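Protein chains in written order, with the numbering used here: chain A, 1 to 318; chain B, 1001 to 1318.
Notes for the one structure printed next.
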C-alpha cells in the first residue's frame, strides 16, 4: 500500500508534469460525431447525453493518459443527467483508473457525522478501485460546516489510502465575500488553511517534510495569496484551478511548487476539453480533429508549466 | 404557477404542522422484511441496498404523506450506492411529489458559475416534476464559495418556482470552528444570514412581509442563535435540523416561527425513520410493526410542536 501523497508524486515524477486535466463535459459543446454516436444508442435525452459524456471523457482520457498524472471529473455535469449521468461518471472514473491516472472527483461535498461518512464511502476508493462506487483516488470537500465534519472524510481517506482536497480559497470573483471575513488580522481562508495544515500533519507522517494526504484547493487568480498559502501549508498538496480559461497564467502559479517542482497540481478543464472550439486551436484543427486539438492544448500547457514554474525541474531530473 | 414560499406555506397550513420528515436510509438499520424483499431482486450488494432504500422510503412516504407537508431525502446515503442509489433517489423524490409532498433534497451543493448552474438544473424542478432528473421542490446549498456562487441557484429557482435553503448555522458540535469567525462583532454565520436575507428580498416580492423562496438552514442546538437568526432573516423560510435525535427539543425552537406559526420547517430524520429501533417505540411495537412506529413517532412530533411552539396556531385555525 502506498499513501495518496506518494502515489500522486510518483505519478507527477513519471509524467514529468503537474498538469491536471479537468473532465467537464457540456452537451452543447460536444463534437458532432460523439453526439451522433450517442443518438444511435438511445432516444432518451438524458441517456443520450450520458452516453455522449462517457464517450467524450473516455476519448479525452485516451489522449491524455500518457501525458499527465491525473484527471479531475466534475460531478455536477454528470448529476445534471440524473442516474444515467451518475453511471457515466462511475464508468469514466473506472476507465481513468485503468489507464493509470490518478482521479480526483470534484464534487465539493460536505456534511455532518454519518452523512459525511456516507459521502466519503461513495467517492473515496483510494488504492482499491472496488472500495467505492465512484472509485476516485481523491475528493474535493467543503469546510464550512466545521473541522469536525472533515473527520469522517479524513478517517475514510486514511483507511483507504485516498486523498482529500479541502476548499480553502476559490477562484471565483466573489470568493472574498465570506472567505475574507477577518478576525484579528486572520481571514477565514487563512484560518481554514491553518486548520488543513494542522490536520494534514496530524493524520499522516509528515516528519521528513513529506506531504500528507489532505490537500487544499487554492484559486490561481490571486498570486500573492497563493504564495502565502503555500507557505502556510507546507505539508499540504495543492490543487490549483483557474489556469487557462479562468484567467490565471503559469507565471502566477510558480509559487505553488516546492523547489523540486512538487506539491501542486494545476488544473485546466474547458481550455483543454473544448480546445477545438477555442483560440488558437480552432484555426489549426478541423472540428473532426478535436482529439488532436486536445492533445496539442495539453502539450502546450505542460510546456508552459515547465518553462515558467519549478515544475520544469521534473523533466530535467527525468 | 405558485412560488415556492406559497406552495410551502399552503402545504403547512393544510397539514397543520411544520414537521419535516427526513429520509435517511441506512442499510444496517432497515427492517428485515425490506432487506429480504430486495435480496430476491438482485445479487449485487449496491443494487440490493438501492432497492431496499427505495422500498423503505416509499413506505415511509405512504405513512407520512397525509400527516406532514414535506420530506427531506439525504442525497449522501443514496450516492453511497453509486448510480443504483441515484436512481433510487430519483424515484423516491418522484414518488413523494406524486403523494403531494414538498420535497427538499438535502445535498448541500455549492460550486462556481456554470458548475453551480449544472447542480441547480440537476435538483431544482420546482413546480414541474419533469424539469430536473432529481425533481425536488428545493435544495440545500453551501455558501462558502461566495455570494456570486449562489446566483446560478437563485436564477434557476426563480425560473422554476423552486426553493433554496442556504446553510447558515449548522447543528454539529464543531459548527463554531469557521462559522463563528468574527469581524467587527459580526460572526461569519451572521454575515451569511444578512446576505441570505438581502438575496431573499431582492429575488422575490417580499413587500407585504411575505417570505421569499430563498431559505436558510439553522441548527436547533443553539436556541438563542435561532431567535437572533429568525429576527435577522424575517423574509427567509427556515429549515431547522437537530430536533429529536440530535438533541433539540420543541421548546428550543419556538422562536423559529412567526406569530402565525409559519416560517419554519422542523426536521426529524433518524428519530422517525428508525423509531422501531428506538425508545419509547421499540417497547410499544414489534419489529414487524415498523410502519406503525413511524406513524406514532410522526404524530408525537406533530403534537409536541403544536403544544410547545406557535405552530399550534395552525391547528386552531384549521
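Heads up, the beta-carbon is just placed ideally off N, CA and C, and yes, glycines get one too.
These numbers were taken from a predicted model, which means no experiment stands behind them.
Neighbourhood of residue 142 of chain A in chain B, by CB distance below 7 angstroms: 1110, 1142, 1144, in chain order.
The Cβ-Cβ distance between residue 152 of chain A and residue 120 of chain A falls below 7 angstroms.
Contact check between the region 1012-1032 of chain B and the region 1063-1076 of chain B: three or more CB pairs, one atom from each, fall below 8 angstroms, which counts as touching. Its Cα nearest to that of residue 57 of chain A, the residue A:97 stands out among A:83, A:44, A:42, A:97. Neighbours of residue 177 of chain A in chain B, taken as residues at a C-beta separation under 8 angstroms, are given in chain order as 1146, 1147, 1148, 1195. In the three-state reduction of the DSSP assignment, residue 1106 of chain B falls in the strand class, which pools E and B.
The beta carbon of residue 52 of chain A sits closer than 8 angstroms to those of 25, 27, 30, 34, 35, 37, 38, all from its chain and outside the five residues before and after it, given in chain order. Contact annotation for residue 191 of chain A against chain B: 1177, 1178, 1181 [CB-CB distance below 9 angstroms, chain order]. If only uninterrupted beta strand (DSSP E) runs of at least 3 residues are considered, those enclosed by the region 206-269 of chain A are 214-218, 238-240, 264-268. Here residue 1165 of chain B carries a strand assignment [DSSP, helix/strand/coil]. For residue 1077 of chain B, the neighbours in chain A by C-beta distance under 8 angstroms run, in chain order, 115, 118. Apart from sequence neighbours up to five positions away, the residues of its chain that approach residue 47 of chain A with a beta-carbon distance below 7 angstroms are 84, ordered along the chain.
For secondary structure counted as the alpha helix (DSSP H) over 4 or more consecutive residues, the region 112-158 of chain A holds these complete runs in sequence order: 113-123. Taking a C-beta cut-off of 7 angstroms against chain B, the contacting residues of the region 80-109 of chain A are 80, 81, 82, 83, 86, 87, 90, 108, listed in chain order.
Here the C-alpha atom of residue 184 of chain A lies approximately 15 angstroms from the C-alpha atom of residue 192 of chain A. For a cut-off of 8 angstroms, the C-beta gap from residue 237 of chain A to residue 50 of chain A is around 31 angstroms, too long to register as a contact. Distance between residue 178 of chain A and residue 1145 of chain B, taken at the CA atoms: about 7 angstroms. A Cβ of chain B is located within less than 7 angstroms of the beta carbon of residue 170 of chain A.
The beta carbon of residue 1267 of chain B lies closer than 7 angstroms to those of 1020, 1022, 1072, 1239, 1240, 1241, 1243 in the same chain, with the five residues before and after it left out.
The region 1127-1144 of chain B makes contact with the region 79-93 of chain A, as at least three CB pairs between them are under 8 angstroms.
Shown here for residue 159 of chain A: not one same chain residue has a beta carbon closer than 6 angstroms to its own, the five before and five after excluded. Between residue 312 of chain A and residue 252 of chain A, the alpha-carbon positions lie close to 15 angstroms from each other. When Cβ-Cβ separations below 7 angstroms define contact, residue 219 of chain A makes no contact with chain B.
Residue 116 of chain A sits close to residue 149 of chain A, with the two beta carbons spaced by under 7 angstroms. For the C-beta of residue 1074 of chain B, the chain A residues within less than 7 angstroms are, from N- to C-terminus, 115. By the Cβ-count criterion, residue 1221 of chain B is buried, with 16 or more other Cβ atoms from all chains shown falling within 10 Å of its own Cβ. A distance below 7 angstroms separates the beta carbons of residue 1200 of chain B and residue 1235 of chain B. Close partners of residue 121 of chain A in chain B (Cβ separation under 8 angstroms): 1080. Under the DSSP assignment, residue 1305 of chain B falls in the alpha helix (DSSP H) whose first and last residues are 1290-1308. Between residue 216 of chain A and residue 196 of chain A, the CB-CB gap stays under 7 angstroms. Residues of the region 32-47 of chain A with a C-beta atom less than 7 angstroms from some C-beta of chain B are 46, listed in chain order. At least one beta carbon of chain B lies nearer than 7 angstroms to the beta carbon of residue 188 of chain A. Counting only runs of 3 or more residues that sit fully inside the region 1033-1087 of chain B, the beta strand (DSSP E) segments are 1070-1073, in chain order. Here the alpha carbons of residue 249 of chain A and residue 300 of chain A stand approximately 12 angstroms from one another. DSSP places residue 1101 of chain B outside any alpha helix (DSSP H), giving it a letter other than H or E. The Cβ atoms of residue 1063 of chain B and residue 1291 of chain B sit closer than 7 angstroms to each other.
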